[in-house]
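Just so we're aligned: the sequence shown equals residues 1 to 182 in the UniProt record's numbering.
Even for Gly, the Cβ is constructed at its ideal location relative to N, Cα and C.
Beneath this line is the structure, given in C-alpha cells, with notes to follow.
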Amino acid sequence: MTSVFECIERRRTIRHYDQNWVCPKEHLEAIVNAALKSPTACNRQSIDLLVITNKEVLDKIGEVGLNTLKKGTKEHMEERKHEGYKNVFTCDAPVLFLLVKNDRVNPLYTDVDAGIMCESIMLTAASYGYGTMCIGVLRATDLYEAVGIHKEDLAMAVCMGKIEDGYVPPEKPIKCKATYIE
C-alpha cells in the first residue's frame with residue numbers, strides 16, 4: 001500500500017476503467033472497512049454504504065438514473081454516451097459505492113460525513129492503485145426502481161475500478177487557494 005500523502009498527490013478523477021477487472025474481495029472489504037471507520041460529526045454515523053459490483057444492477061442504475069434526471073442535466077450526462085460509455089454516471093466502472101442516509105441523519109452534519117467517507121473510499125482505493133470518481137449528480141436521480149433508494153436518501157456516490165492500461169490522467173490544476181494568518 002502507498003502512503004496517504006502519495007495517494008492524495010496522485011489521485012485524480014478517473015473515467016477510463018479496465019472492463020475485465022474484478023476487485024479482489026479482500027481489497028473491497030478493506031476499502032469498505034476504511035469507509036465505515038471514517039470520522040463522523042458527534043459519532044452519529046449517519047451514512048450507510050451500499051456496495052454494488054453486479055453488472056446488471058450497475059446498468060440498471062445507469063438506465064433508471066438517466067430517466068429520472070431533469071431535462072438540462074439529462075442532456076449534459078447523455079453527452080458521455082458519445083464517448084462510448086454505457087453507464088454515463090459511472091463511466092462503466094465495475095464498482096459503485098452508494099452512500100445512503102440512515103435514521104441518524106442530521107441536516108447540519110450528514111453531507112460533511114458523506115464527504116469524509118468519500119475521501120476515505122477514494123484514498124484507500126488509491127492506495128491499492130485503483131481509480132475513482134466521486135459522483136454528485138446521482139443525488140439528482142431517483143434510484144428506487146434500481147436499488148430501492150429514493151433521491152432524498154442518497155448522500156453521495158463513488159465509483160471505482162482498475163485504471164485502463166495506458167491511460168494517464170491529466171494533472172489537476174489547482175484553482176483553490178490557501179490564506180495564512182500568522
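Among the candidates the options, whose CA atom is the shortest distance from the CA of residue i?
| i | options | result |
| --- | --- | --- |
| V112 | T13, Y17, P170, Q45 | Q45 |
| R10 | I181, E171, A35 | E171 |
| V3 | T141, K55, Y128, G115 | The sequence shown places Ser at residue 3, not Val. Of T141, K55, Y128, G115, the residue nearest in Cα terms is Y128. |
| P39 | I181, T110, E6 | T110 |
| G148 | E26, L50, C134 | L50 |
| E56 | K71, P94, E75 | P94 |
| D48 | E83, K71, I116 | I116 |
| M156 | G166, N102, P173, Y167 | N102 |
| M77 | I174, I135, P173 | I135 |
| N67 | P169, K151, E83 | K151 |
| E29 | R12, L108, I52, A41 | I52 |
| K71 | D165, T141, R12, A41 | T141 |
| W21 | E182, I174, D165, P173 | D165 |
Would you call residue i buried or exposed, if buried means 16 or more other Cβ atoms sit within 10 Å of its Cβ?
| i | result |
| --- | --- |
| C118 | buried |
| G62 | buried |
| P24 | exposed |
| C176 | exposed |
| T73 | exposed |
| T179 | exposed |
| F5 | exposed |
| V88 | buried |
| L108 | exposed |
| I31 | buried |
Check for me: the beta strand (DSSP E) holding residue i runs from which residue to which?
| i | result |
| --- | --- |
| D48 | 47 to 52 |
| C159 | 154 to 162 |
| L98 | 95 to 101 |
Ordered along the chain, which non-local residues of its own chain (more than five positions away) have a Cβ less than 6 Å from that of residue i?
| i | result |
| --- | --- |
| T132 | M122, A125, V158, M160 |
| I163 | I14, G131 |
| T90 | L96, C159 |
How is the alpha helix (DSSP H) around residue i delimited, first residue to last?
| i | result |
| --- | --- |
| Y144 | 144 to 147 |
| G136 | Segment: none, G136 is in no alpha helix (DSSP H) and carries neither H nor E. |
| N33 | 25 to 36 |
| R10 | 4 to 10 |
| K60 | 55 to 67 |
| L108 | Looking at the DSSP string, L108 is not in any alpha helix (DSSP H), and its letter there is neither H nor E. |
| G72 | 71 to 78 |
Looking only at its chain, what residues have a beta carbon closer than 8 Å to the beta carbon of residue i, apart from the 5 residues adjacent to it on each side?
| i | result |
| --- | --- |
| E145 | K60, V64 |
Ignore the nearest five residues each way along the sequence and tell me which others in residue i's own chain have a CB closer than 7 Å to its CB.
| i | result |
| --- | --- |
| L154 | L98, V100, L138, R139, L143 |
| C7 | L123, A126, S127 |
| D92 | Y17, Q19, Y85, K86 |
| R104 | R44, Q45, S46 |
| S120 | A34, A35, S38 |
| V168 | none |
Closer than 7 Å: is that where the CB of residue i sits relative to any heavy atom of the ligand GTP?
| i | result |
| --- | --- |
| G62 | What this structure holds is no ligand at all, so the ligand GTP is not there to describe. |
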